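Numbering (full-length UniProt numbering), first residue to last: 1 to 271.
A quick write-up on the structure given underneath.
Dropping the structure here:
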């Protein structure tokens, strides 16, 4: 698995397994399948209501805890609430530490929330912290007070919503751009350009879209409930898209969110 260097010196896999599902009944099975397939970054959140199952699956996997890059997210508002929420996540995940904890989305007191996360870094229970669904202005507000620099901002990103303006902002500040919904909820798999390139490289449309983002220095967090797709999504490290074909994919950017959320991200479309 390829990795990317974070601004605190840690290495993070460039591809992870997302666990946000409408039905968590079988999430443990999917996480186990992903780990067996070679995934080493597992992404969960308190909001997903599946931390118990995710933690159990990591324990059952037979892979050493230190070889799994575990991300969770807090949705609490403020300092004290965040300390309580993250301790609850540790209990549910049954882990002593997390590799990365993100603020799931901006809140009324994102600064207090972030300062609480900094405390967990300083006491060694969290190795790195970051943001999710923060636009550049909201990220800047965190940077202005941070004593521990955020390493990641996870936002909706795919070929129709490439987030070029935000990507440049994050890159200039050594913050890794991470993509949720890198396949656009599956709605983009039929794109004619993507299908043509899939045929050219003898890969699936999903593999082309994931590889494109990785070559753009975007970490991807795809999700799937089908074993075939789980395996295929990680089988993208044996080819490289040419510069000419990368340019074709860059032209597909419509600055168009599929989720439409959060609306605060709209400022990043102005370029």
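Just so it is clear, CB atoms sit at the ideal spot from N, CA and C, and this is done for glycine as well.
This one's a predicted model, so the numbers in the text were calculated from it and none came from an experiment.
Assign residue i to buried or exposed, taking buried as 16 or more other Cβ atoms, counted over all protein chains shown, within 10 Å of its Cβ.
i	result
residue 100	buried
residue 69	buried
residue 225	exposed
residue 250	exposed
residue 89	buried
residue 337	Past the edges of the chain, shown from 1 to 271, lies residue 337, and the structure says nothing about it.
residue 96	exposed
residue 43	buried
residue 34	buried
residue 171	exposed
residue 256	exposed
residue 94	exposed
residue 132	buried
residue 271	Only weak support is given to the placement of residue 271: the predicted model assigns it a pLDDT of 44, under 50, and the question is left unresolved by the model.
Tell me the DSSP secondary structure of residue i in three-state form.
i	result
residue 221	strand
residue 177	strand
residue 255	coil
residue 11	strand
residue 227	helix
residue 38	coil
residue 239	coil
residue 28	helix
residue 43	strand
residue 1	coil
Please find out if some non-hydrogen atom of the ligand MG comes closer than 7 Å to the beta-carbon of residue i.
i	result
residue 149	The model depicted lacks the ligand MG and carries no ligand whatsoever.
Excluding the 5 residues flanking residue i on each side, which residues of the same chain have their C-beta closer than 7 Å to its C-beta?
i	result
residue 64	none
residue 174	7
residue 32	57, 60 and 61
Considering only residues of the same chain and omitting the five flanking positions on each side of residue i, which have a CB-CB separation below 8 Å?
i	result
residue 122	148
residue 49	24
residue 181	156, 157, 158, 258 and 259
residue 118	129, 146, 147 and 148
residue 161	184, 253, 254, 255, 256, 257 and 258
Here's a check: name, in chain order, each residue in its chain whose Cβ is nearer than 6 Å to the Cβ of residue i, leaving out the five neighbours to either side.
i	result
residue 109	77 and 78
residue 239	201
residue 138	106
residue 197	208 and 245
residue 236	207, 210 and 211
residue 152	130, 176 and 178
residue 230	33, 34, 37 and 224
residue 195	205
residue 112	78 and 79
residue 51	44, 89, 92 and 93
residue 16	41, 43 and 221
Does any CB atom of chain C fall closer than 8 Å to the CB of residue i?
i	result
residue 22	Absent here is chain C; the protein component of the structure consists of one chain.
Unbroken alpha helix (DSSP H) runs of length 4 or more, entirely within the segment 90-130: which are they? 110-122
Which complete alpha helix (DSSP H) runs does the segment 133-205 hold, if anything under 4 residues is left out? 136-145, 164-172 and 192-201
Does the segment 161-171 come into contact with the segment 186-196, if we say contact requires no fewer than three beta-carbon pairs (one atom in each stretch) closer than 8 Å? no
Can we say the segment 244-259 touches the segment 2-16, given the rule of at least three CB pairs closer than 8 Å? no
Please specify which runs of the beta strand (DSSP E), each continuous and at least 3 residues long, are wholly inside the segment 48-83, giving them in chain order. 69-74
At a cut of 8 Å, does the segment 50-59 reach the segment 78-87 through at least three beta carbon pairs? no
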